[in-house]
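**Q**
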Amino acid sequence: MSWTTGVTYIYDGTFDGLLTCVFESYERKEELADISSAEEPQAVLFAPRTVATCQAKAERVYESIARNISPQAQDLIRCGFLTCAPQKELLIYRFLRIGFRVGGQVMQMLTEPSIHQLNKAVRHLKTESHAFMGFVRFSIHDDVLVAVIEPKNQVLPLIAGHFCQRFAGDTFLIYDKNHGEALMYRHDARPEDRLMMLNADEISIPEADEKEEGYRRLWKRFYDTVAIQERINHRARLSHMPKRYWAHLTEMQEE
Amino acid sequence: MDVYDKLTILSDSAKYDVSCSSSGVERGNTPGGTGNTAGCGICHSFTADGRCISLLKVLMSNSCIFDCKYCVNRRSNDTRRAMFTPEELADLTMNFYRRNYIEGLFLSSGIMRNPDYTTEQLIKVLELLRHTHRFNGYIHVKAIPGAAPELISRLGLLADRMSVNIELPTQDSLRLLAPDKSKESILKPMSAIRRGIQENSLDLMKYRHAPRFVPGGQSTQMIVGATPDSDLKIITLTESLYKKFQLKRVYFSAYTPVMEDSLLPALNSKPPLLREHRLYQADWLLRFYGFEAKELLDEGAPNFNPFMDPKCNWAMNHIDQFPVEVNTAPYDKLVRVPGIGIRSAKRIVTARRAGRIDFHGLKKLGVVLKRAQYFITCSGRRLEGLKVNESTILRSLISKREYSMYLPSPQVEQLSLFSDEELAAGAGKEVLLP
């Protein structure tokens, strides 16, 4: 029996939901032309099928990726799912279609268009995550460290480990305003409750106290002083630290 | 004087030290401690001059008994002097670190009283941070020329990276501009650190938990443009520092005139930023691309071409080694192609295991075809319609403006239906065959 082409699936927007779509696609022999989490489907040849997330099916797909492709491929699609690529679901699906056909070699097929796009999106995610390890700015309120970020990709899962280790003895919160998610770490909680991901549309941050203001002033002073006037190069600064980061950088705030 | 003023004075006088990297050490946190280090290093901000801020870069004190002519902190300069107490510095570092402003501390100092005393002060700060505050972040500390070896090894056990600045590439320049320093006083601490690292690596083989001595290695810095030393001298010295002293990094600092002196460039002269840039490009070629200094420059041409980067320049002078076939050439040949860097060369090596690569594929792998096209073939073929001659290659390697400066020939160009690239293709001489 040959595969039906041009089918659209709709899923609930979760990673398990996407893997369930992959399962159903093989089960029903339907080649997907689109996978979307949007409510209103676009005009397509066949009516879109809404796929109900099933954890058992998702797990079967996820495990078979490690077995039939490679553990690195698991990593890649997990990261792919966190990116801001417009059709990340489809890129992941196409990667898996090729992967289940050729096996581990799919990781080397860097010039294949959809694999190239997936890799590029993941690179963007990783570059941005690395940048945020530096660009997160905490304010300290009653010994709790609080930061707000506005990343394009969902970087929190990738930077969580770094900050949890670095500030293992602290309590901190990093709020991703763009995705409405927050990472919370409490050093005094039980080990299994220490790290939590919360959904939050908004958080309120208390006013900075005098001590906090003092250190912000010192930092800004340092920032302004270390630049060498004879070497001013605004373009170089912009290319390393684009303006979209400035809103939450202490040193870039007007007094 | 409060901490705010001290920070202003002591960061202002530290800013000419270039190194700010926090790389080379991968270390986790300890129970009850604060901080860790990342092997790749992390930049936390970028200043208006486009340089990265990774560490809190300050001097402990800017009073100095030395009188080096190029230095703002020299004894005879009339400037405001300040000194941090170890407690102030530790407090500042911890509070900046917890707000994620910085990756750690870069601590240097003017020479107070004598080199040993100064080193002892630095040790005090580092001990306070490491032992009292249990700080596990990155610390870069300067080894003071002339300090006792025991003190340097104590300092090295507390720091991640150490550096001794060479400042001037020849002994003559040193004698002229830094009369209190000598080649020996600089090389002595440098070799002490190298010895420490070597002995430590033996200890670590025997005892896994032996304390680590300067795990991030050592670096140094040279001033460019304060003396008439050639690029060849600088880059040859750089190479031998990497080979003989196993340095991790050599930094270059375009000389910014800070004071009037008959021996120095005039106060209104601009720092030679382009020259500094070329030296860094060459430094990268030495460290990552497998080039040797003698391949890049020789007595006949002792300075870098300002219009073209050293790699392109090398390729133009060794055109007989091209084109290379991307599907079969070994990695170290690939990285020598203009337009192919370390990353794209690695991707080529990976991707060609899965199938042959064509010109479309190369673009996806991150190769800059505009430059690379003249130096490569894909499955034995050149890019279709490519005109290969000296003039077209030059135009692809350097910008239009620089191209007109580069060629001494008369620059008369008439309005024409054809682009100047096409015209040039007919006019230039053929150099690349087959």
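Respectively, the protein sequence lines represent chains A and B.
Count along the first sequence from 1, then add 934; that gives the number in my numbering.
Count along the second sequence from 1, then add 731; that gives the number in my numbering.
Where is the CB? At the ideal position from N, CA and C, for every residue including glycine.
1. Measuring CB to CB, does A:Thr987 end up less than 8 Å from A:Gly1014?
2. Let me see if you follow: with CB-CB separation under 8 Å, is B:Phe777 close to chain A or not?
3. Output yes or no for whether 8 Å exceeds the beta carbon distance between B:Thr778 and A:Arg1171.
4. Using only alpha-carbon positions, find the residue among B:Ser984, B:Gln1012, B:Ala1013 that is nearest to B:Ile1002.
5. Among the residues of its own chain, which have a CB less than 7 Å from the CB of B:Tyr801, if the five just before and after it don't count?
6. So, does the region 741 to 751 of chain B touch the region 775 to 789 of chain B, judging by three or more C-beta pairs under 8 Å?
7. So, under 8 Å CB-CB, B:Arg1078 and B:Leu1096 are touching, yes? Tell me the CB distance rounded to an integer number of Å.
8. Identify each residue in the region 778 to 802 of chain B for which the Cβ-Cβ distance to at least one residue of chain A is less than 9 Å, and report them in chain order.
9. Under DSSP, the beta strand (DSSP E) around A:Asn1133 begins and ends at which residues?
10. Taking 8 Å as the CB-CB cut-off, is A:His1050 touching chain B?
11. Which residue or residues does DSSP assign as beta-bridge partners of B:Phe976?
12. Between the region 1053 to 1070 of chain A and the region 1080 to 1094 of chain A, can you find at least three pairs of beta-carbon atoms closer than 8 Å?
13. Pull out every residue of the region 1155 to 1184 of chain A whose Cβ sits closer than 9 Å to any Cβ of chain B, in chain order.
14. What are the boundary residues of the beta strand (DSSP E) that includes B:His864?
15. For a test of the three-state rule: what should DSSP assign to B:Arg1083, helix, strand or coil?
16. With DSSP as the reference, label A:Glu1188 as helix, strand or coil.
17. Is it right to say A:Tyr1109 is buried, meaning 16 or more other beta carbons lie within 10 angstroms of its own, or is it exposed?
18. Would you please verify whether the beta carbon of A:Gly917 is less than 8 Å from any beta carbon of chain B?
19. If you compare alpha carbons, which of B:Gly1116, B:Ile875, B:Asp960 is closest to B:Ile924?
20. Determine the direct distance from the alpha carbon of A:Leu1016 to that of A:Lys1111, and round the result to whole angstroms.
21. If contacts are defined as beta-carbon pairs under 8 Å, then B:Gly1092 and A:Thr1159 qualify, I think. What distance do you get, rounded to the angstrom?
22. For my contact list, B:Val756 and B:Thr739 are in at a C-beta cut-off of 8 Å; report their separation, rounded to the angstrom.
23. Which residues in the same chain as B:Asn999 place their Cβ atom closer than 8 Å to its Cβ, once the five residues preceding and following it in sequence are excluded?
24. Only counting the same chain, and skipping five residues up and downstream in sequence, which positions put a Cβ closer than 6 Å to that of B:Ala1013?
25. Assign A:Lys963 to one of three DSSP states: helix, strand, or coil.
26. Closer than 7 Å by C-beta to B:Gly927: which residues in its own chain qualify, once you throw out the five before and the five after it? Chain order, please.
27. Give the DSSP-derived three-state secondary structure of B:Asn999 in the structure shown.
28. Are the beta-carbon atoms belonging to A:Ser1048 and A:Arg1028 less than 8 Å from one another?
29. Looking at C-alpha atoms only, which residue of B:Leu968, B:Asn896, B:Ala745 is the closest neighbour of B:Leu836?
30. Quick one: is B:Asn831 near chain A, going by C-beta distance under 8 Å?
31. Nearest by alpha-carbon distance to B:Asp1029: which of B:Asp903, B:Met1047, B:Leu963, B:Tyr828 is it?
32. Is there a Cβ of chain A sitting closer than 8 Å to that of B:Leu838, yes or no?
33. Quick check on B:Thr730: does DSSP put it in helix, strand or coil?
34. Taking all protein chains shown into account, decide if B:Pro1054 is buried (16 or more other Cβ within 10 angstroms of its Cβ) or exposed.
35. Please report the residue range of the alpha helix (DSSP H) in which B:Ile1190 lies.
36. Can you tell which of B:Leu820, B:Glu851, B:Ala890, B:Val856 has its C-alpha closest to the C-alpha of B:Ile870?
**A** Straight from the coordinates:
1. no
2. yes
3. yes
4. Note on identity: in this sequence residue 1002 of chain B is Pro, with Ile being the wrong assignment. Of B:Ser984, B:Gln1012, B:Ala1013, the residue nearest in Cα terms is B:Ser984.
5. Leu908, Ile954, Ala957, Tyr986, Leu995
6. yes
7. 4 Å
8. Thr778, Ala779, Asp780, Gly781, Arg782, Cys783, Ile784, Ser785, Leu787, Lys788, Val789
9. 1129 to 1133
10. yes
11. Answer is none; B:Phe976 lacks a bridge partner.
12. They touch, by the three-pair rule.
13. Per Cβ criterion, the list reads Arg1155, Phe1156, Tyr1157, Asp1158, Thr1159, Val1160, Ala1161, Ile1162, Gln1163, Glu1164, Arg1165, Ile1166, Asn1167, His1168, Arg1169, Ala1170, Arg1171, Leu1172, Ser1173, His1174, Met1175, Leu1183, Thr1184.
14. No beta strand (DSSP E) holds B:His864; DSSP gives it neither H nor E.
15. In the displayed model, B:Arg1083 falls within a helix according to three-state DSSP.
16. The answer is coil: DSSP assigns A:Glu1188 none of H, G, I, E or B.
17. Around the beta carbon of A:Tyr1109, 16 or more other beta carbons sit within 10 angstroms, so the residue counts as buried.
18. Because chain A here runs from 935 to 1189, residue 917 of chain A falls outside it and cannot be looked at.
19. B:Ile875
20. Answer to the nearest angstrom: the Cα atoms are 15 Å apart.
21. That pair is no contact at about 48 Å.
22. Rounded, the Cβ-Cβ distance is 30 Å, inconsistent with contact.
23. Pro988
24. Cβ contact annotation for B:Ala1013 (same chain, cutoff 6 Å, sequence separation greater than five): Ile966, Leu1027, Pro1041, in chain order.
25. coil
26. Ser884, Gly887, Phe944, Val945
27. Looking at B:Asn999 - three-state DSSP - the assignment turns out to be coil, as it is neither helix nor strand.
28. yes
29. Ranking the options by Cα distance to B:Leu836, first place goes to B:Ala745.
30. yes
31. Taking only the C-alpha atoms, the option nearest B:Asp1029 is B:Leu963.
32. no
33. Any property of residue 730 of chain B remains undetermined from this structure, which presents chain B solely from 732 to 1165.
34. buried
35. This structure gives no information on residue 1190 of chain B, because the portion of chain B shown stretches from 732 to 1165.
36. B:Ala890
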